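Numbering-wise, the sequence shown is residues 5 to 251 according to my numbering. Below is one structure, written out as structure tokens; comments come after it.
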Amino acid sequence: AWVAGVSTGTLRDLALAPDGTRLLAAGDDESVNLTRIRLTPDGGDIAESEESLRTGHVRDRYPAVSPSGEQIAVSTNRIGDNGLWIVAPASGRWTRVEMPQVPEERVVVACWAPNGRELGVKRFLRNGTATLWRVAVDGSAAEPLVQPAPTIASFGCAFSPDGRQLLYNRIVEGFSQLFVHDLTTHSDRTLTHSKSHKYDGTWSPDGRWIAFSANTGGTLHVWRIPATGGVEEQLTRGAERYVHMFY
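Okay, structure coming up:
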């Protein structure tokens, strides 16, 4: 018997026994657990060793810290399916965020509203589409903001400091661009237009600017643009890669 190729997404490094009756393969069986590291007050050094917030064979992904710093929203498959949970590190309590079911949901990514009571939630489906929701942390309300579409990009979201707008990514003519959704009028506007991929935008504390990383000639650099729109301004140079900015 001959084996021309095997592709499962989790098997690799195949080897066929000399007698042709046995096949050996290495398989992926990984976990991704939530941990945190406490920094010194000035943020310059690590103050304590890494602290595990979750152990076991699970995949905890896309953590987002609440404005108060007391809770963490995280996407996890801790009960067998992907869901959004709130972690309170002080008590160790995990609480699932209740949302209307979406068929074939693959993973969720959340961002906190400034009031700490709401979340912006990107819900990615197995058919390649995604949708954007606003959800109350206590499960009392949930509404879809953007209908499922294959153009919604797989990056995070960010509320404006006044909580009235939500920043997210869409694919336009092959490039990931930043969009702003107005939570009052439920209208969208395109923020960036240049021919490069934009990632993980974040608002300045005064709401005047939005910083983001962009693929510039094959290297990720930090850019910014007025929150009202305008000229995209490159802030970094060189061969380094800059990802996940924070104002």
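The beta-carbon is built from N, C-alpha and C at its ideal position, and this holds for glycine as well. All values derive from a computational prediction rather than experimental measurement.
{"Query": "If you follow the beta strand (DSSP E) that Ala215 is in, where does it begin and where does it stop?", "Result": "Trp213 to Thr220"}
{"Query": "Looking at C-alpha atoms only, which residue of Leu239, Gln181, Arg168 and Ser164 is the closest neighbour of Ser208?", "Result": "Ser164"}
{"Query": "Determine which residues share a DSSP beta bridge with Glu122 and list them.", "Result": "Ala140"}
{"Query": "On the criterion of 16 or more Cβ atoms from any shown chain inside 10 Å, does Lys202 qualify as buried, or is it exposed?", "Result": "buried"}
{"Query": "For Glu108, which residues in the same chain have their Cβ closer than 8 Å to its Cβ, ignoring the five residues on either side in sequence?", "Result": "Leu129, Arg130 and Asn131"}
{"Query": "Taking DSSP as the reference, what is the three-state secondary structure of Asn131?", "Result": "coil"}
{"Query": "DSSP three-state call for Arg168: helix, strand or coil?", "Result": "coil"}
{"Query": "Only counting the same chain, and skipping five residues up and downstream in sequence, which positions put a Cβ closer than 7 Å to that of Ala8?", "Result": "Its pLDDT being 40, under 50, Ala8 is placed unreliably by the model, and the measurement read from it follows with that caveat. So the list is empty, once near-sequence residues are dropped."}
{"Query": "So, at 7 Å on beta carbons, what are the nonlocal neighbours of Asn219 in its own chain, with the 5 sequence-adjacent residues on each side left out?", "Result": "Ser200 and His201"}
{"Query": "Could you give the first and the last residue of the continuous beta strand (DSSP E) run that contains Cys161?", "Result": "Where Cys161 is concerned, there is no enclosing beta strand (DSSP E), given that its DSSP letter is neither H nor E."}
{"Query": "Spatial neighbours of Gly234 within its chain, please: CB distance less than 7 Å, with the 5 preceding and 5 following residues excluded, ordered by chain position.", "Result": "none"}
{"Query": "By Cβ distance, which residues of its chain are closer than 6 Å to Tyr66, with the 5 residues on each side in sequence left out?", "Result": "Ser79 and Val113"}
{"Query": "Relative to the C-alpha of Val141, which candidate in Ala162, Thr223 and Ala117 has its C-alpha closest?", "Result": "Ala117"}
{"Query": "Are the beta-carbon atoms belonging to Pro154 and Thr188 less than 7 Å from one another?", "Result": "no"}
{"Query": "Just to confirm my understanding: we take Ala19, look at its own chain, exclude 5 residues before and 5 after, and list those with CB closer than 7 Å. What are they?", "Result": "Leu28"}
{"Query": "In its own chain, which residues sit with a C-beta less than 8 Å from the C-beta of Phe183, not counting the 5 before and 5 after it?", "Result": "Leu171, Tyr172, Asn173, Arg174, Asp192, Arg193, Thr194 and Leu195"}
{"Query": "Going by alpha carbons, who is nearest to Glu122 out of Trp227, Gln181 and Asp166?", "Result": "Asp166"}
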